[in-house]
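Notes to accompany the following structure.
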Amino acid sequence: MTTNEFKEYVKTRQTLNTEEIHRFMDEMSSEARRITFRLNTAYYTPDEVRELLSELFGYQVPSSFRVFPPFYADFGKNITVGEGVFINACCHFQDHGGVIIGDGCQIGHNVVFATLNHGLPPAERQTTYPAPIVLGKNVWVGSNSTILQGVTIGDNAVVGAGAVVTKDVEANTIVGGVPAKLIKRIE
Numbered sequence: 118m119t120t121n122e123f124k125e126y127v128k129t130r131q132t133l134n135t136e137e138i139h140r141f142m143d144e145m146s147s148e149a150r151r152i153t154f155r156l157n158t159a160y161y162t163p164d165e166v167r168e169l170l171s172e173l174f175g176y177q178v179p180s181s182f183r184v185f186p187p188f189y190a191d192f193g194k195n196i197t198v199g200e201g202v203f204i205n206a207c208c209h210f211q212d213h214g215g216v217i218i219g220d221g222c223q224i225g226h227n228v229v230f231a232t233l234n235h236g237l238p239p240a241e242r243q244t245t246y247p248a249p250i251v252l253g254k255n256v257w258v259g260s261n262s263t264i265l266q267g268v269t270i271g272d273n274a275v276v277g278a279g280a281v282v283t284k285d286v287e288a289n290t291i292v293g294g295v296p297a298k299l300i301k302r303i304e
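Add 117 to the 1-based position in the sequence shown for the working numbering, that's all there is to it.
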């Protein structure tokens, strides 16, 4: 299985439950850990950080992309970032299902992006289901938030610190809480 084949397969949101898929996911997770361990164990200039993240993501990231390590990803090759994106320290990307971050987004400390879920019946707990997380332009995600699989956050939205986002967020709104609910609209 290739990275592109895997990325096309997860777009279908079908279960990740074959031996071939599990072997591929394990190999890619090992590669992601190799790169993130390097990134997270020494000081690097912003250009060096972007170079390591380009290796992790599998493409040349924008020169306007800024990340404060440590940064964690368990796949790495299914993260897309736009121009002017900032990701603060200690963020965790479970990106098998895909994470797309639009231009101008700001991600606070300790934010978790979780693109996989497990089956609820005990017999299905070993089965995972992928779904992408998509952030529009100029989204601000507050510290210690968790964004769950399949969530789309509209342009200019704000996710309050500590929120758990389980449903789509409309553009130009502020959400917060567990689970996240509408707090107000941004005029």
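Glycine included, C-beta positions come from ideal geometry on N, C-alpha and C.
Please read these numbers as outputs of a predicted model, since none were measured by experiment.
State buried or exposed for residue i, treating a residue as buried only when at least 16 other CB atoms are found within 10 Å of its CB.
i, result
"Arg151", "exposed"
"Tyr160", "exposed"
"Ile138", "buried"
"Ser147", "exposed"
Restricting to Cα atoms, I'd like to know which of the options is closest to residue i.
i, options, result
"Ser181", "Phe192, Ser171, Gly199 and Ile270", "Gly199"
"Met145", "Ala190, Ser260 and Lys128", "Ala190"
"Asp143", "Lys128, Thr129, Gln131 and Phe123", "Phe123"
"Asn134", "Asn261, Lys254, Cys207 and Pro247", "Pro247"
"Glu125", "Lys194, Ile264, Val184 and Glu148", "Lys194"
"Phe188", "Arg302, Gln223, Asn227 and Gly293", "Asn227"
"Val202", "Gln211, Ile196, Arg183 and Phe192", "Arg183"
"Glu136", "Val127, Met118, Glu148 and Ser147", "Met118"
"Cys208", "Ile224, Ile196 and Pro179", "Ile224"
"Val289", "Val256, Glu172 and Ser260", "Contrary to the premise, residue 289 reads as Asn rather than Val in this sequence. If we check each option's Cα against that of Asn289, Val256 comes out closest."
"Arg302", "Thr232, Val295, Val275 and Pro296", "Val275"
"Thr129", "Leu173, Arg140, Gly236 and His213", "His213"
Output the boundary residues of the beta strand (DSSP E) element that contains residue i.
i, result
"Tyr246", "Thr245 to Pro247"
"Tyr189", "Phe188 to Ala190"
"His235", "Leu233 to His235"
"Ile196", "Ile196 to Val198"
"Val295", "First-last for Val295: undefined, no H or E at that position."
"Leu265", "Thr263 to Leu265"
"Leu252", "Ile250 to Leu252"
"Val216", "Val216 to Ile218"
With DSSP as the reference, label residue i as helix, strand or coil.
i, result
"Lys284", "coil"
"Arg151", "helix"
"Ala240", "helix"
"Asn157", "helix"
"His209", "strand"
"Leu203", "The residue you asked about is not Leu; residue 203 is Phe in the sequence shown. Strand at Phe203."
"Ile303", "coil"
"Phe230", "strand"
Locate the alpha helix (DSSP H) running through residue i, then write down its first and last residues.
i, result
"Phe174", "Pro163 to Phe174"
"Val127", "Thr120 to Lys128"
Is residue i near the ligand COA, with its Cβ less than 6 Å from a heavy atom?
i, result
"Ala297", "Because no ligand of any kind appears in the structure shown, any question about the ligand COA cannot be addressed here."
Exercise for the section: Check whether the stretch 274 to 284 touches the stretch 241 to 249, taking contact to mean three or more Cβ pairs, one atom from each stretch, closer than 8 Å. Expected result: no
_Meets three-Cβ-pair contact criterion under 8 Å: the stretch 249 to 263 and the stretch 212 to 219_ = yes
| message | Under 8 Å: do the stretch 262 to 271 and the stretch 156 to 172 share three or more Cβ pairs, one atom per stretch? | response | no
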